[in-house]
Amino acid sequence: MASTPHIAVIGGGSTGVGIARDLAMRGLDVTLVEQGNLTHGTTGRMHGLLHSGGRYAVSDQASATECIEENRVLRDIASHCVEMTGGMFVKRPEDSEEYFQEKLQGCKECGIPADVVSGAEARQMEPHLAKDVEKAITVPDGAIDPFRLVVANAASAQEHGARIETHSKVTDLLVEDDEVVGLEVEHASGPGKRVHGTEGGTEEIRADYVVNATGAWAGRIGDMADLDIAVRPSKGVMTIMNIRQVDTVINRCRPKGDADIVVPHETTAILGTTDEEVEDPEDYPEEQWEVDLMIETLSELIPMLEEARTIRSFWGVRPLYEPPDVGSEDPTDITRDFFLLDHDERDDLPGMTSIVGGKFTTYRMMGEQISDHVCGKFGIDAECRTADEPLPGSEDFSVLRDYMDEFGLRSPIGRRSVERLGSRADEVLKTEGPNPTVCECEGVTRAEIQDAISQSGSDLNAVRIRTRASMGNCQGGICTHRMASELHGEYDEGIVREAWDELLQERWKGQRHALWGEQLSQAALNYALHATTQNRDNDPAGGDPVDFAAFDSGVDHTDDSGTADVAADGGKPDGD
Amino acid sequence: MAIESEILVVGGGLAGLSSALAAARDGADVRLVSYKQSTLRQASGLVDLLGYTPDGEGPLTDPYAAMPDLPASHPYRTVGVETVREAMAMFDEVSGYEGGHTDTNALLPTHGGTIKPTARYPRGAAAGLASDDRDTLFVGIESMTDFDAPHVADHLDAAGVPFDVRGETIRFPGDLRADAKVTRYAKLLDTNGEVAVRGRKVPAREALAQRVNPLVEDAERVGFPAILGDDNPGAIRDALGDQMGVDVFEVPMGPPSLPGLRLEDKLFEALDESGASFETGNPIVDFDGEGHVERVFMEKNGARIPLSADQYVLATGGLVGKGVESDRDGVSEPVFDCHVPHSDDRYDWFDTDVFGDHPFAGFGVETDDDLRPLSADGDVEFDNLRAAGSVLGGYDFAAEKSGSGVSIATGYAAGTSAAAEVR
Amino acid sequence: MSDAQPTDFDPVEPNTGEGFEPVEVFPESDDFDLRPGADSCYKCSVCDTNCPVAEVDDDFPGPKFQGPEQWRLKQTDDDYEIDDSVMSCSNCMRCDSACPSGVPLSQMHNTARGEYVEEQMDKLSVEYVRNRILSNYRLSASIASKVPRLANFAMNFGPARWVMEKTMGVTSERDFPEFAQQTFREWWAARGGADASRANAVESRERRGEPADADKKVAYFHGCYSNYNTPDVGKAMVHVFEHFGYEVVAPEQKCSGTPMFANGMLDDARRHAEVNVSSMSDLVDQGYDAIASCTSCSMALRQEYPELFDIDGIEKVASNTFEAIEYLRIHEDVKGEIESAEVSGELAQEFAYHAPCHARNQGLERQAVELFRDLDGVGVEDVGDSCSGISGTYGWKEEKYEKSMEIGDEMFEHMEHAEGETGMTECPTCAMQMEHGTGYEIRHPLELVEAAVVE
């Protein structure tokens, strides 16, 4: 082979980074471009379920079988992103017994370990389950942190030579002689790590092959070369609870419907979801009824949810696809399977393949298939190793857990940090100086923040998804300015201020859907802190100049200093 | 029987304290009951009157001059500018705060690196005024993430302050653990306890001054985060200032706030001196009476303890202090169930911008001219109940920087008016 | 949240937090999942500003971390241990009376401490054995009181104390409390018990112009200390209540459990609580209210019992328990009687009054000062809102002694500055610390009420 083929991958979600890692490990040159942060699209907006396959065991057994296979792979290669919580399909009295049996049977047919437990046994495992839950099927569902998983995949791809460009939006496909030969991208802040205030610019990235892994956005990329890729984006809401009411994934055992799953995720529990087709993956209504539906319906399974605190809600769009001839009316009927659309075969436009549909749990398998496909184009016969080589952070770190004391952190903070960092804990947490906690809700220390800054430039939202800082119950009320200050050593005040404002705005966005009860009180406190105490709503930096001379310049106290605390003489009390 | 007084104030924050003080100083027999500690400990300890108009105009130099132009429903309009002045005079007398020498607002540096307009400030913050053009050094503590001095200094510089400003970070002498509380620093400095510095025991104030001294250079004043003592802040500032040859000041901080705590102590002391009774720890949960409050009930672990008075003041706070509560269906005032105007659609309670015009910030009860809460129909709910402070609606304390002033003014007005009733 | 609560009016469920319902994770055990309590926390850190331990000991991370943060961050699986700093919490419960948002802080600490002791502490360690002995004061006291003179000598015998410090970590700096020659219960029995009390009450009612059969009866929870060490407090309680026309009974009782909570000995505490609850709930059913003279005892019965245990009748006992003077303030015109009284003799003097931490959640921190404000012949001066620093057994531990005294310094200083040379407090262990730090004699407010109103 004359030279190593250069592959451009569009999309920094799980599929894109999975492909980039796979191709890079097989020795290809890879450039991945993503319009926002990593996980900007659907990946960053899912409930974090590591499927056992149980959910598809009746309706879509092919997907179910893939899920259980990949479930086992990810536990192995992404151990620091996965928490094996176990899962249950619980049956309420009004749910169909026939379906319960079908589910059990389906799991067995797909090789998913499944057992029936009584209602009492289920409540023994999960005490907050409703008293009238009759029975449940246990399955090996788990929780997975999509941010950490994607960041680790990207890091691994980089280790194998890939170039990862975030905040770089594809503005055009380069088509020459009826063949896709590359991309035109607009960098928000110059190539490399994002730094606010750095001038962006356009770049032409020429590639031997382009992979469009943009999920719900695939149609937009297609449009740039007049390709018709009929993705059918479907939105779903997820509501985040402040704490974990359950430590096991709880699924409602019934055919299909909204609001039927609770996933324990890190310190929180995530309620999901709805399924409603939308026109535009970036512009769709986020509505109150969806949040209310989550809480009310799932309270049937876990009654305490009715009064429990939610900290935010968010929506994701599934990148559903079905071949144009199927024509499903209801988005819930659209297959969760994925499709490789080779535009040469399909549209007579060589040089690009789109990957659409599919689901998070099988991201690696999708990456493997499309990498096989791409390698096939170049006659490369390299083996896929992504199922065998652990991701950075997931190398064996069981020993490390025993040495947590060395990091000098309080028990649960050390534990959380080590779980997030996995095998990288040692290099990140062993620091010279003091290592104070920056985000108290999630137990994130300065060392971890600094590590994230070194990976992600001045982008505090990128720091957030790496560390979970500002993702706890105060939603950044107490720590956004601290995070900004952590940036300040590396970046100028103006850049820091921009990043700070961006984080404040981002944190507010999702909280809006949780503004009642405790979270409204929290929002009021945050507002008081940020606006009253810090006066950030009228920040004079960047605003109109202030006429300082027009304000009080104080009175001279040279005469009475030194007796400031002594008010016993009947004089004016000290005003401290 | 019931525990009796002439006036019962429910709530122990700035509004409740001002109200109880005003009434007791007018000779009334006053009891103040408060559920838990107030939001004063979360606030910076600065006392703002009015920094910006509701339209965002500002920073205002003269808060009093802007009051008559506020919307008619604003609490300052309800009580009137003269009452605000009287209330501030009482506050000045009992607090010993600075700023009362002028009607003009002061600008103080914040721990977020901005400046903010305020009307009264503790003496500990006085040397930090931003209109004072002396060159300034800010000193942060390495393990205190709430105050990053170099960041604050650069930010203030960008704000155009009329002086040279630098920030330096030090390690606090004595190697406290990274998560030591602000009260730990304060106590160490209050008692001037000894700390180990290179194997030698040195009193904390001296050790701190020694550590900062080489960094002072041309600075004429040095600002620290507000950790300089709880009981003896003046002595600590003087000791540090003497040893460094500069003026020392504190930058007010977010929660937990030592200046807020000191102010709370000061006001409770004044209340004690005024002869009023007070207790904290248990909530008022219920009341008897229609159109007239006969008595209220305090709950203590299931027991309901009756308290009765002629006049009542509701000063339970806003959403933060839990004097205003909400759920998915609505917003309410939990003690007397007074009407709190709000939209039925909870998506109308906020603006989509983080610092937008948030309706939730103005949640609270509406009152008549005598601060008596009104029902949805506009009738006085109880003839002997007045409301004060953040439980009042119709103003956005955070955007206007008017929270403390409204609490003091309406507290004073409610207390004075209640005392007049029992005379 | 519970069905019994009207949902339209639950703003302020004391000490459990809004919408919070403790749930037993394992129905057969005492383990509670308190993560839901973290829902009430909005991170304002007011709790931290009230922690007397965090103020002197930066190894202790404060109640916000110890409570809502740790509970939210930890998980139920075994990998998550309780941070050992929980053993430095002195259980003063000030964070409870601080939290503006109803986080069940002390319940979180008590439960975490119980879990730590149960699962992480070496049961053969000196620390465990020492803590167990300290928390079972009632047992030691009941033995010692059989031979008070010998016990008073032996317990404070120098060489014995040296051995105790070296082998058990009980500080030799402190003197053990003196045991009374006659316990309160011995006095009570000799005096004629409940029958005598009824007769006295009827006599008072007649004098007061109340019906002879007025339904005024209380069950006295005297606690260990009034029984074994300061029976005068118990006697004052009986005299005062009888004066106001109340029949007093002194039911069967064990330790309130306060020292056991503080040491994470929840099994011990539960055994004692079961006896106390059973005994008191029977009396409550018969129309008695439970009265304590020790504010830690009343706190235990009112708050810690229902928060930590699920015992039949426990809520009923909690809602019918009162501190002695508090009860009189609610039901009698005690303030009026005191205002028109005059004290002469031994107690006609100035007192330096310290409000115990455990009086705070009960709203009693100002009670003595305000009650005696207008009492002729007496002055009661508040020595400030600091913690005495002893917190029951905390200050008895050799490794905590210095911190305990550092916490107490502020109070000692204010006591020295106060006019009086006699101290006053409701709490027996605060009294020990006050005496230890200043050498003052310490009295109980009930003794002063007795001097003022009882003939």
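Protein chains in written order, with the working numbering: chain A, 4 to 579; chain B, 7 to 429; chain C, 385 to 839. All C-beta atoms, glycine included, are put in the ideal place defined by N, C-alpha and C.
*Since I believe Thr286 (chain B) is in contact with Gln48 (chain B) (beta carbons under 8 Å), could you give me their beta-carbon distance rounded to a whole number of angstroms?*
Contact flag wrong, Cβ pair sits at about 16 Å.
*Run down chain C in chain order and give the residues with a C-beta less than 7 Å from the C-beta of Cys477 (chain A).*
Near Cys477 (chain A) (Cβ distances below 7 Å), the residues of chain C are Tyr426 and Lys427.
*asked:* Less than 9 Å between CB atoms is the rule here; does Lys193 (chain B) satisfy it with respect to chain C?
replied: yes
*Go through the stretch 295-380 of chain A residue by residue and report every complete run of the beta strand (DSSP E) that reaches 3 residues or more, in order.*
313-324, 341-345 and 355-360
*Quick one: grab the DSSP three-state call for Asn307 (chain B).*
For Asn307 (chain B), the three-state secondary structure derived from DSSP is coil.
*asked:* Counting only Cβ pairs nearer than 7 Å, list the residues of chain A close to Glu148 (chain B).
replied: Gly436 and Pro437
*Assign Gln566 (chain C) to buried or exposed, taking buried as 16 or more other Cβ atoms, counted over all protein chains shown, within 10 Å of its Cβ.*
exposed
*Between Asp443 (chain C) and Met471 (chain C), what straight-line distance do the alpha-carbon atoms span, to the nearest angstrom?*
Take the alpha-carbon of Asp443 (chain C) and the one of Met471 (chain C): they are about 11 Å apart.
*Name the DSSP bridge partner or partners of Asp717 (chain C)?*
Paired residue(s): none; Asp717 (chain C) is not in a bridge.
*asked:* My output table needs one value for Arg140 (chain B): the three-state DSSP class, helix, strand or coil.
replied: Under the three-state reduction of DSSP output, Arg140 (chain B) falls in the coil class, being neither helix nor strand.
_Quick check: the Cα distance between Arg217 (chain B) and Glu439 (chain C), rounded to an integer number of angstroms?_
22 Å
*Would His131 (chain A) pass as a contact of Gln291 (chain A) if the rule is Cβ separation under 9 Å?*
no
*Return the chain-ordered list of same chain residues with a C-beta closer than 6 Å to the C-beta of Ile698 (chain C), the five sequence neighbours on each side being excluded.*
Val661, Tyr689 and Pro690
*Enumerate in chain order the residues of its own chain whose CB-to-CB distance from Ser283 (chain B) is below 6 Å, with the five nearest sequence positions on each side excluded.*
Sequence-distant Cβ neighbours of Ser283 (chain B) in its own chain, meaning closer than 6 Å and more than five residues away, are Arg37.
*asked:* Just checking: is the beta-carbon of Ala95 (chain B) within a distance shorter than 9 Å of some beta-carbon in chain A?
replied: no
*Could you tell me if His346 (chain A) is buried or exposed, where buried requires 16 or more neighbouring beta carbons within 10 angstroms of its beta carbon?*
buried
_For Lys111 (chain A) and Ala125 (chain A), believed in contact at Cβ under 8 Å, the rounded distance_ = Actually they do not touch by this definition, with Cβ atoms about 19 Å apart.
*Kindly indicate which three-state DSSP category Gln317 (chain B) falls into: helix, strand or coil?*
strand
*What are the start and end residues of the beta strand (DSSP E) that includes Val581 (chain A)?*
Because chain A in this structure spans residues 4 to 579, residue 581 (chain A) falls outside the shown range and cannot be described.
*On the three-state DSSP scale, how would you describe Glu737 (chain C)?*
A small correction: the amino acid at residue 737 (chain C) is Tyr; Glu does not occupy that position in the sequence shown. In this structure, Tyr737 (chain C) counts as strand in the three-state DSSP scheme.
*Is the distance from the Cβ of Gly180 (chain B) to the Cβ of Ala215 (chain B) below 9 Å?*
no
*Return no unless some Cβ of chain B is closer than 9 Å to the Cβ of Ile695 (chain C).*
no
*Alpha carbon to alpha carbon, how far is Pro65 (chain B) from Ser192 (chain A)? Give it in angstroms, no decimals.*
Using only the alpha carbons, I get a separation of about 34 Å.
*May I ask you to list, following chain order, the residues of the stretch 318-331 of chain B that have a beta carbon less than 7 Å from some beta carbon of chain C?*
Gly327, Lys328 and Glu331
*Asp461 (chain C) versus A:Arg500, A:Ile147 and A:Arg418, residue with shortest Cα-Cα distance*: A:Arg418
*Looking at C-beta atoms only, is the number of pairs between the stretch 733-742 of chain C and the stretch 706-713 of chain C that lie closer than 8 Å three or more?*
Segments in contact, no.
*What residue range is occupied by the uninterrupted alpha helix (DSSP H) comprising Tyr521 (chain C)?*
Boundaries of the alpha helix (DSSP H) harbouring Tyr521 (chain C): Tyr521 to Ala528, taken from the DSSP string.
*Contacts of Pro488 (chain C) in chain A (Cβ-Cβ under 7 Å)*: Those do not exist, as Pro488 (chain C) stays about 13 Å from chain A at its closest Cβ, beyond 7 Å.
_I'd like to know whether the C-beta atoms of Glu104 (chain B) and Pro123 (chain B) end up nearer to each other than 9 Å._
no
*Give the secondary structure of Ile233 (chain B) by DSSP, where H, G and I count as helix, E and B as strand, and everything else as coil.*
coil
*Can you give the Cα-Cα distance for Leu650 (chain C) and Asn464 (chain A), rounded to whole angstroms?*
45 Å
*Taking the Cβ atom as the reference point for each residue, do Ala634 (chain C) and Ala580 (chain C) lie within a distance shorter than 9 Å?*
no
*Once you ignore the five residues that flank Val466 (chain A) on each side, which residues in its own chain have a CB closer than 7 Å to its CB?*
Ile452, Ala455, Ile456, Ser459, Ala472 and Met486
*Can you find a CB in chain A that lies within less than 9 Å of the CB of Ile233 (chain B)?*
no
*asked:* Going residue by residue through the stretch 316-378 of chain B, where are the continuous beta strand (DSSP E) segments of at least 3 residues, counting only ones entirely within it?
replied: The stretch 316-378 of chain B contains these whole beta strand (DSSP E) runs: 317-320.
*Closer than 7 Å by C-beta to Glu805 (chain C): which residues in its own chain qualify, once you throw out the five before and the five after it? Chain order, please.*
Tyr824
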